[in-house]
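Below is one structure, written out as structure tokens; comments come after it.
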Amino acid sequence: MEILKQFYSNEKVKQTLVNFITDGRLPHALLLEGEAGCGKTHFARLVACAALCNSTQKPCGQCRSCRLILQDNHPDVLVLSPDTPEKPYSVSALRDLILSCYVLPNDGEKKVYILRNIHEMSEQAQNTLLKIIEEPPAHVIFILTCQSRARILPTILSRVVTLPISPCPEELCAQALLERNPSASEEDCLRMARQCGGNIGRALTIMQDEKLSSIYDKAQEAAKLICAGSEFDLLCLLNSYNRKKEEFLLFLTELRQIFVQIIRQKNGGADKNFLPESLLHRVSALQSMRIIDIIDTVSAEANQNVSVALAGAHLCSAIQQILHS
Ligand SMILES: [Zn+2]
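See below:
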């Protein structure tokens, strides 16, 4: 069970899985719910390991079966994502999947279907999936993941065991980031962990992706310019996103998150400074909240075909008004 310990945080969910294994009653359908990047697919693989492990200490993470699952190479474990060219969540593809369920496993006693992000399935597709979830063959286990159960049909929800997967405490997330990026500084990892609310997957994506990493740096820079009241420099920075709508939207998401952290820091929620006090005292918590509102408005505008140049100018002038009111 060492391998379960390596899954950060989520102690209750891990204990539930251990109880299922010990009692020999792993449900035939599980739904893992949680935000993107918090480890749902990884946990789904651990459940698959638990179902197919050859050791007495399930899931061992060491036996051939566990190793093949963790390498995404096990013939009886199928992982499907909605964003692949095969369109696995079309109704016809799901009908084929249902037929494949009746074929016996190649290797072990069970077949595991990991269906990621099923909140992206249409209602019709979910109804098709329901048919097999209602009465699957005894050798089949479904592990579904979704970001929000609000987008899943109640008929599916009533037939699965839902387990919530949460981001980690920020200190733990920072530790995970440092383990994976030994060249990064402890402080950077902690700042990134805070920025991402303890979401390891999201933090790693930003740290390992040059484009995202530069967007994150620019958002930090913009927050400093806002606090310092350097409107002209802010406008220049925003202008660098002209005709780069997608990057601009990501930038706004990061900038918003920084102001969420600023409010937390002001309320004593962060034990280490997120931004230097010299900048922080220039913006009140109320102003930060209004800045978050305007970031949301501008994001919506940019999403609705307002040009980045115009949206950026709006953001800049609105922030100026907030700071001088
Ligand atoms: Zn094993």
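Taking the working numbering, the leading residue of the sequence shown gets 807, the next gets one more, and so forth. We put the beta carbon where it would ideally sit given N, CA and C, even for glycine.
If you measure between the beta carbons of residue i and residue j, is that distance less than 7 Å?
i        : j        : result
Val-918  : Val-883  : yes
Asn-912  : Pro-943  : no
Leu-1018 : Gly-1118 : no
Ile-938  : Ile-904  : yes
Cys-974  : Ser-1090 : no
Val-946  : Leu-837  : no
Ser-1094 : Ile-1069 : yes
Phe-1054 : Tyr-1047 : yes
Ala-980  : Leu-996  : yes
Asn-1005 : Gly-843  : yes
Ile-1032 : Ile-1125 : yes
Ala-857  : Leu-876  : no
Would you kindly work out how many angstroms separate the C-alpha atoms of residue i and residue j, rounded to a whole number?
i        : j        : result
Arg-957  : Ala-1034 : 42 Å
Ala-1009 : Glu-915  : 37 Å
Pro-970  : Ile-949  : 13 Å
Val-824  : Thr-968  : 15 Å
Phe-826  : Thr-862  : 14 Å
His-834  : Ala-850  : 13 Å
Ser-1123 : Ser-1131 : 12 Å
Val-1112 : Glu-841  : 28 Å
Gly-1003 : Leu-1056 : 16 Å
Glu-1016 : Ala-999  : 17 Å
Gln-1110 : Ile-809  : 45 Å
Val-819  : Ala-1108 : 39 Å
Gly-867  : Val-853  : 11 Å
Gln-1067 : Gly-1074 : 10 Å
Tyr-895  : Cys-855  : 24 Å
Asp-1077 : Lys-1024 : Because the pLDDT of Asp-1077 is 49, which lies under 50, any placement of that residue in the model is unreliable, and the number read from its coordinates should be weighed accordingly. Distance between the alpha carbons of Asp-1077 and Lys-1024 is about 24 Å.
Glu-941  : Arg-955  : 21 Å
Thr-951  : Arg-1088 : 43 Å
Lys-864  : Glu-926  : 32 Å
Leu-874  : Val-897  : 29 Å
Lys-1030 : Leu-1086 : 9 Å
With DSSP as the reference, please indicate the residues paired to residue i in a beta bridge.
i        : result
Val-918  : Val-883, Ile-947
Cys-1042 : Per DSSP, none; premise fails for Cys-1042.
Cys-952  : Glu-839
Considering residue i, what are the terminal residues of the beta strand (DSSP E) in which it resides?
i       : result
Val-853 : Looking at the DSSP string, Val-853 is not in any beta strand (DSSP E); the run it does join, the alpha helix (DSSP H), is 846-858.
Glu-839 : 835-839
Measure how close the beta-carbons of residue i and residue j come, nearest whole angstrom, since I'm counting them as under 8 Å.
i        : j        : result
Glu-929  : Leu-978  : That belief does not hold up - the Cβ atoms of Glu-929 and Leu-978 are roughly 38 Å apart, past 8 Å.
Leu-1058 : Ile-1101 : 5 Å
Ala-1028 : Leu-1041 : So it is not a contact: roughly 10 Å between Cβ atoms.
Ala-1149 : Leu-900  : Only positions 807 to 1131 of the chain appear in the structure, and residue 1149 is not among them; the question remains open.
Pro-888  : Asn-923  : 5 Å
Asn-860  : Arg-870  : 7 Å
For the alpha helix (DSSP H) that contains residue i, what are its first and last residues?
i        : result
Pro-970  : Looking at the DSSP string, Pro-970 is not in any alpha helix (DSSP H); the run it does join, the beta strand (DSSP E), is 967-970.
Met-998  : 992-1001
Ile-958  : Segment: none, Ile-958 is in no alpha helix (DSSP H) and carries neither H nor E.
Asn-1111 : Here Asn-1111 belongs to no alpha helix (DSSP H), and DSSP marks it neither H nor E.
Ser-898  : 897-907
Cys-869  : Here Cys-869 belongs to no alpha helix (DSSP H), and DSSP marks it neither H nor E.
Cys-974  : Here Cys-974 belongs to no alpha helix (DSSP H), and DSSP marks it neither H nor E.
Thr-934  : 929-940
Asn-825  : 817-829
Ser-1020 : 1016-1034
Glu-1083 : 1083-1086
Leu-1055 : 1051-1072
Lys-864  : Lys-864 -> no alpha helix (DSSP H), and no H or E assigned at all.
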